[in-house]
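The sequence shown begins at 1 in UniProt numbering and counts up by one.
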Amino acid sequence: MGKRLEGRRTLVVGGGQTPGSTVGNGRATAVLFAREGAEVVVADRELERAAATVDEIVAEGGKAWAVAADVTDESSIAHMVAFARSTMGGIDVLHNNVGVSLAGGDAVIGDIDMETFDRVTRINLTSMVVTCKHVLPIMEEQGGGVVLAVGSLASLIDYPYIAYKTSKAGVVAMIENIAVRYAPRGIRANAILPGLMETPMAIENRVGLDGRTREQVIAERDSHVPLRGKMGTGWDVAHAALWLASDDAGFVTGVALPVDGGQALVAG
């Protein structure tokens, strides 16, 4: 089997990660894209985190570049997209992987304040809309492309924190909007809905809450997953992204794909 993304020019937004002992969704996706033959521009708010992902790719013989991007600032997004286009000569795959919940101060609806709700929504949803706004014209000029966005299973099931749930539901609506309007131009758009994942962002922000240890956080999350009673990893999200980005999914658009070990079947 050949490399499924050979020669593809990819932009992974959120390709660094929160420090931790496991791999994040964005870093795993960037690394896997490169292993499958893609060129990768890795964007992150923290340039050092993007550069660490690039270093991993380059050490394996891949081609990658790092760029800093503040996704709450349209001028920074425009610079990120221009950098990717000029560096690689175009953008064939956009993978949007930004998101925040507890770390952004999210809360249940009775406790949420508007500043927090706006900040979480601006990161989780508005940034993806603006990024697509700048990337889609490039894909139109090229005659095609793939837009991927990481949503969350939280948009489908009972999830307590209002800003994360509603903003991630908006990601699915955005993808559906793009998919139907850009299909005649050969552009596909799909969302990935991760369930419970053992990633640094998911685990580290919960350790210490209510006095819970890391082991307790992991055990509690594992208990909600039907498939082998174990959370997924960043690699599970990355493999879903690889399939959706590749020609294997060439007739797939407008889909919100749960990657959840069956959690939605018992939590919905």
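Built from N, CA and C at the ideal position, the CB exists for glycine as well.
The structure presented is a predicted model; accordingly, all values stated were derived computationally and were not measured.
In chain order, L196, M231 place their CB closer than 7 angstroms to the CB of R221, counting only its own chain and leaving out the 5 sequence neighbours on each side.
The C-alpha of P194 is placed about 11 angstroms away from the C-alpha of W235. The DSSP-derived three-state label of V180 is helix. Secondary structure of T53 (DSSP, three-state): helix.
DSSP places P258 in the strand class (E or B) of the three-state scheme. Note on R188: 16 or more other CB atoms within 10 angstroms of its CB, so buried under the neighbour-count rule. Apart from sequence neighbours up to five positions away, the residues of its chain that approach S76 with a beta-carbon distance below 6 angstroms are A69, D70, ordered along the chain. Contact annotation, D44 with G14: C-beta distance approximately 6 angstroms; criterion of less than 8 angstroms satisfied.
Under a 10 Å Cβ-count criterion, A179 is classified as buried, with 16 or more other Cβ atoms of the shown protein chains found around its own Cβ. Apart from sequence neighbours up to five positions away, the residues of its chain that approach E74 with a beta-carbon distance below 7 angstroms are V130, ordered along the chain. The Cβ-Cβ distance between G16 and A50 falls below 8 angstroms. Taking P200 as the centre and dropping the five residues before and after it, the same chain places the C-beta of Q17, T18, P19, G20, T22, G24 closer than 7 angstroms to its C-beta, in chain order. Excluding the 5 residues flanking it on each side, M139 has same chain C-beta neighbours closer than 6 angstroms at G145, I187, in chain order.
Buried is the label assigned to G99, since at least 16 other Cβ atoms lie within 10 Å of its Cβ.
Rounded to whole angstroms, the gap between the alpha carbons of S223 and G229 is 6 angstroms. For T10, the enclosing beta strand (DSSP E) begins and ends at 9 to 13. Per DSSP, V41 is one residue of the beta strand (DSSP E) stretching across 39 to 44.
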